[in-house]
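Enquirer: I am attaching a structure below and will ask some questions about it afterwards.
Number of protein chains: 2
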Amino acid sequence: MEPFIVAGVRLGVARAGIKYPDRRDLVVIEVAAGTQAAAVFTQNAFCAAPVIVARAHLAVTAPRYLVINTGNANAGTGVQGLTDAEATCRALAKQTGCRSEEVLPFSTGVIGEPLPVERLVAGLPAALASLQAEGWTEAAHGIMTTDTWPKWASQRLMLNGREVTVTGIAKGAGMICPNMATMLAFVATDAAVDQALLQHILNAAVADSFNAITVDGDTSTNDALVLLATGQSGATVPTQGEDYACFSAAVRAVCIELAQAIIRDGEGATKFITVQVEGGRDSAECRQVAYTIAHSPLVKTAFFAADPNWGRILAAVGRAGLTDLDLERVSIHLDEICIVCTGGRAPDYTEAQGQQVMARPDITIRVELGRGAATARIWTTDFSFDYVRINAEYRT
Amino acid sequence: MEPFIVAGVRLGVARAGIKYPDRRDLVVIEVAAGTQAAAVFTQNAFCAAPVIVARAHLAVTAPRYLVINTGNANAGTGVQGLTDAEATCRALAKQTGCRSEEVLPFSTGVIGEPLPVERLVAGLPAALASLQAEGWTEAAHGIMTTDTWPKWASQRLMLNGREVTVTGIAKGAGMICPNMATMLAFVATDAAVDQALLQHILNAAVADSFNAITVDGDTSTNDALVLLATGQSGATVPTQGEDYACFSAAVRAVCIELAQAIIRDGEGATKFITVQVEGGRDSAECRQVAYTIAHSPLVKTAFFAADPNWGRILAAVGRAGLTDLDLERVSIHLDEICIVCTGGRAPDYTEAQGQQVMARPDITIRVELGRGAATARIWTTDFSFDYVRINAEYRT
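As structure tokens, this is what we get:
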């Protein structure tokens, strides 16, 4: 399904030759005056120059333009990287008549190479010339790197009798273990939302979506997620009540759909794996167990092989670092099949059952810890030959 | 070099058909009366039945026999697993005339399948019949699973004018991220060492050897390392002074050689990578950074590709969770080449230099944190097609 347009948002794409010739690698997003913005960024200490600049600009004023390049992350580039990101903003500001602080820069691609800022700036007029409200799918293409398909999601709801839209795009397939946000995602709505409320809604949505996915445990230097509210629908989101709940749910649904799309397109992924941990003392320990399973190369290769080698899941639960774990109370299910209970193989479990489940493209690992009421749910992929191939060949 | 024999130790091997026919899969180690033993075991909460039984037996008395099977880990096997491990000890005790508590059982192989205890017990007479002081290399073969070569190490030193030997064997190639010990390792000396001192020396040696290696971050359920001191050389190790230091250094050297052999034989490994982190506030944070680098699938695949994609190392340092990391003070070297300083690419660094280093089979990543005097050093491998192949095919 094509994404719904969002009143007050236009998107344009250009081929700037950042890394490869003739590839859509430069995206500009324009938002109407009065738009509110909320954002979350990577917590990697080596965050990229555009992340630093975007954070600084957001602290000063709401944005009018977002500029995104692929092919170069402008990370690990020191002072020159900051200069280049600022130069990008200045160039776009000059061409559009806004202030430099009203431009937010985003970059994704290889780390540690100087941003080819001249080629980027030279591509801006073409991107601006192609700005259109229907530009969402083109923009979704324009932010792809190792992604194999463009990712968007769209929701419509009624607020105070007015139709409101929430539409987003995202990119990312590797170096995915977001900590506050994923690689790059941009979500916009035509609802009017107070900035503080917008940030609150975004933070809540991220916890259950982008902060609940992992491909390889590698948190990127460039993660950024921006939520833009243009207010052009005429409907305002209240701070509580049913309309607040409906709008938050729509933002959350778009974020989950985008986050899951990143996992389904995970580098080399052949399986979509949900890890559900229940019965923990708190959600932190549930997440700890879930991520230990999701990051285990042995668990991931077993899923690639469609081999019900459940001992590897059990071993991952055991090394997750939970104190006083009572093995007698732990159980593990693969979809509807109980494979482990009371510290060992479930009496009724048969290898044939395990093989049947492992053959499925979507599988849920459910771990019951039996020591509380907390839960956590994350999504991940298997680990295939193609993951190694893609990441061994990425630069060459 | 063949390992030196250790007075008071004999080793025997049999083909018991635990998992495969006609494979050396059962090892018995006999130690002289009066031998002291120290051991460290996995901290995986789902520790295997033989680990539980060996711990319990060691708490009661010093061992006379160790029995090790491959092909089956006897882990995730619940109460039946404990019964089977005890039955193994009883059978060996009966055939040798010792007490059941004087036997320590060890298992390695697939998790979650019942131990074929009848086949194991049926193989014991052949193992006992082959006991010999020169049995170290045969025993090193007998404990292999996915290892591609047998691993031993041997040191000789003089204590009080008497020659003392320290010899050890180990196995392990995958599910390697020991936490107190590695998969399986057995080290013996003919020095006389008080049990508490022996444990102290072992703990110190393990910290710098088996607890400093990782293949895939997956801590096994069956890790065990035993250090045996027969006293048959007539030399006694004192609790301090030069002889203490020399003996401890010999144990440490054997442990490091065995641990490094496990990494060099890591599943699918094409590179031996030393990760050296310096200038930390404490060794814990240095280890945290070192393991974040060593476990990063992106760093590991870049090394497999011999691609100096150092941005991935920088990103791993950045996500390691150190608070207040001052990027201006961080530098990263690959062997003698400085690749990162003051938060970005080193000014003199060239891609050609990086490629030259990455082509080497042994590479040191050195990270300077610039915020203290603590250090840590660990060893790891790259991540290759063969790692995926080996672990996708392991059970089939």
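The listed protein sequences derive, respectively, from chains A and B. So the first sequence is numbered by our numbering: it starts at 86 and just counts up by one. So the second sequence is numbered by our numbering: it starts at 86 and just counts up by one. The beta-carbon is built from N, C-alpha and C at its ideal position, and this holds for glycine as well.
1) Taking 7 angstroms as the threshold (C-beta atoms), are glycine 220/B and leucine 407/B in contact?
2) Helix, strand or coil, according to DSSP, for serine 368/B in the structure here?
3) How far does the alpha helix (DSSP H) with glycine 253/B in it extend, from its first residue to its last?
4) Compute the Euclidean distance between the alpha carbons of isoleucine 348/A and alanine 459/B, then round it to the nearest angstrom.
5) Taking the straight line between their C-alpha atoms, what separation do you get for threonine 222/B and isoleucine 228/B?
6) Pick out whichever of Ala130/B, Ser192/B, Ile137/B and His142/B has its Cα sitting closest to the Cα of valine 415/A.
7) Report back the beta-carbon spacing between valine 322/B and alanine 290/B to the nearest angstrom; my notes put them in contact at under 8 angstroms.
8) From which residue to which residue does the alpha helix (DSSP H) around threonine 173/B run?
9) Cβ of threonine 466/A within 7 angstroms of Cβ of alanine 477/B?
10) Just to confirm the assignment, what range does the alpha helix (DSSP H) spanning asparagine 288/A have?
11) Just the chain A side, please: which residues come within less than 9 angstroms of threonine 46/B by C-beta, in chain order?
12) Go through its chain and collect everything with a Cβ distance to arginine 33/B's Cβ below 6 angstroms, but skip five positions before and after it.
13) Let me check understanding here. Comparing Cα to Cα, which of Arg184/B, Val113/B and Val91/B lies closest to alanine 101/B?
14) In chain order, what are the residue ranges of uninterrupted alpha helix (DSSP H) at least 4 long that sit wholly in the segment 388-445 of chain B?
15) Taking the beta carbon of glutamate 87/B as the centre, do at least 16 other beta carbons fall within 10 Å, making it buried, or is it exposed?
16) Count the other CB atoms, across all protein chains shown, that sit within 10 Å of the CB of glutamate 453/A; report buried if there are 16 or more and exposed otherwise.
17) Got a sec: is the Cβ-Cβ distance from serine 416/A to anything in chain B below 7 angstroms?
18) For alanine 297/B, which residues in the same chain have their Cβ closer than 6 angstroms to its Cβ, ignoring the five residues on either side in sequence?
19) Could you have a look at arginine 140/B and say whether DSSP puts it in helix, strand or coil?
20) Which full runs of the alpha helix (DSSP H) of 4+ residues lie inside the segment 301-389 of chain B, going along the chain?
21) Which residue from Ala338/B, Ala141/B and Leu216/B puts its Cα closest to that of glycine 253/B?
22) Do asparagine 245/B and serine 192/B have their CB atoms nearer than 7 angstroms?
23) Is glutamine 317/B buried or exposed, if buried means 16 or more other CB atoms sit within 10 Å of its CB?
24) Would you grab the beta carbon distance between valine 425/A and leucine 399/A for me? Rounded to a whole angstrom, and I think it's under 8 angstroms.
25) Assign proline 135/B to one of two classes, buried (16 or more other C-beta atoms within 10 Å of its C-beta) or exposed (fewer than that).
26) Please classify glutamate 327/A: is it buried, with 16 or more other beta-carbons within 10 angstroms of its beta-carbon, or exposed?
27) Specify the secondary structure class of arginine 100/B as computed by DSSP and reduced to three states.
28) According to a CB-to-CB cut-off of less than 9 angstroms, which residues of the segment 164-191 of chain B neighbour chain A?
29) Give the interface partners of phenylalanine 332/A over in chain B, defined as CB-CB distance under 8 angstroms, in chain order.
30) In the structure shown, what three-state DSSP assignment does valine 272/A receive?
31) Quick check: is the beta carbon of leucine 454/A nearer than 7 angstroms to any beta carbon in chain B?
32) DSSP three-state call for proline 190/B: helix, strand or coil?
33) Can you give the beta carbon distance from isoleucine 196/B to threonine 306/B, rounded, assuming they're within the 8 angstroms contact cut?
34) So what's methionine 86/B in DSSP terms, helix, strand or just coil?
35) One question on the structure: do proline 393/A and glycine 429/A come within less than 7 angstroms of each other, judged by their Cβ atoms?
36) The alpha helix (DSSP H) with aspartate 471/B in it runs from where to where?
Expert: Taking the geometry as given:
1) No. Outside cutoff.
2) Collapsing the DSSP output to three states places serine 368/B in a helix.
3) Per DSSP, glycine 253/B belongs to no alpha helix (DSSP H); it is in the beta strand (DSSP E), 247-256.
4) 38 angstroms
5) 10 angstroms
6) Ala130/B
7) No, valine 322/B and alanine 290/B are not in contact; Cβ-Cβ is about 13 angstroms, not under 8 angstroms.
8) 163-181
9) no
10) 280-293
11) With chain B covering 86 to 481 only, the question about residue 46/B has no answer from this structure.
12) Look at the range of chain B in this structure, 86 to 481, and you will see that residue 33/B is not part of it.
13) Val113/B
14) 396-403 and 436-443
15) exposed
16) Its Cβ being crowded by 16 or more others within 10 Å, glutamate 453/A is buried.
17) no
18) Ile463
19) Helix.
20) 326-349, 368-380 and 382-389
21) Ala338/B
22) no
23) buried
24) 6 angstroms
25) buried
26) exposed
27) Of the three classes helix, strand and coil, the one that applies to arginine 100/B here is coil, per DSSP.
28) Val164, Gln165 and Gly166
29) Neighbours of phenylalanine 332/A on chain B: none; closest Cβ ~32 angstroms, over 8 angstroms.
30) The answer is strand: DSSP assigns valine 272/A an E or B state.
31) no
32) strand
33) 6 angstroms
34) coil
35) no
36) 470-478
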